[in-house]
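Visitor:
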Ligand code: ADP
Ligand code: MG
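Residue numbers (our numbering): 86 to 225.
(1) Whether or not the segment 145-153 and the segment 182-193 are in contact is what I'm after, with contact meaning three or more pairs of Cβ atoms, one per stretch, closer than 8 Å; do they touch?
(2) Leaving out five residues before and five after residue 196 in sequence, what residues of the same chain have Cβ atoms less than 7 Å from its Cβ?
(3) Opposite residue 122 in the DSSP bridges: which residues?
(4) Going by the CB atoms, is the gap between residue 204 and residue 99 shorter than 7 Å?
(5) Which residue wins for smallest C-alpha separation from residue 218, given the options 160, 206, 168, 165?
(6) Among the candidates 92, 164, 182, 223, whose CA atom is the shortest distance from the CA of residue 114?
(7) Tell me which residues share the same chain as residue 111 and place their Cβ nearer than 7 Å to its Cβ, disregarding the 5 neighbours each side in the sequence.
(8) On the criterion of 16 or more Cβ atoms from any shown chain inside 10 Å, does residue 158 qualify as buried, or is it exposed?
(9) Expressed to the nearest angstrom, what Euclidean distance is found between the alpha-carbon atoms of residue 223 and residue 172?
(10) Tell me, to the nearest whole angstrom, how far the beta carbon of residue 206 is from that of residue 162; I am working on the premise that it is less than 8 Å.
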């Protein structure tokens, strides 16, 4: 297994409930290291650009509205097999289907407000990291 980096976003439902620290603890307990982190509020246009891959999906408009509705915390996580490990500890997209102990099972509210985003491949992680961070923002 290789050391990888992945892009994580703590979503507005979680920042609104002040549980970013509890989520970060789960990342760190799983062996992921937070090597870049910033809190920001996406504009609607930025949310549309970030989720452009989903532009044909029925939930795209609602998703972009939600992701720009409050602060998010964007992060680069590093560790062995980080992309798949992060997705494993996040759990399934719909919290109702997520395994016990996963972040979405514990904290997610519904299929949209599911508390966290994670890249789905190393290639997409590299693109998504660039969306939020420059090289000098990342200190491994
Ligand atoms: P994941 O975040 O698990 O990679 P997707 O990439 O399929 O899931 O979807 C991106 C985000 O869009 C989800 O995390 C969720 O916030 C939202 N979403 C996905 N499916 C639905 C749906 N059926 N209804 C509403 N929102 C959805
Ligand atoms: Mg996805």
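Ideal placement from N, C-alpha and C gives every residue a C-beta, glycine not left out.
Guide: On the basis of the coordinates in this document:
(1) no
(2) 178, 179
(3) 160
(4) no
(5) 160
(6) 164
(7) 174, 188
(8) buried
(9) 21 Å
(10) With 8 Å as the limit, residue 206 and residue 162 do not qualify as a contact, their Cβ atoms being about 15 Å apart.
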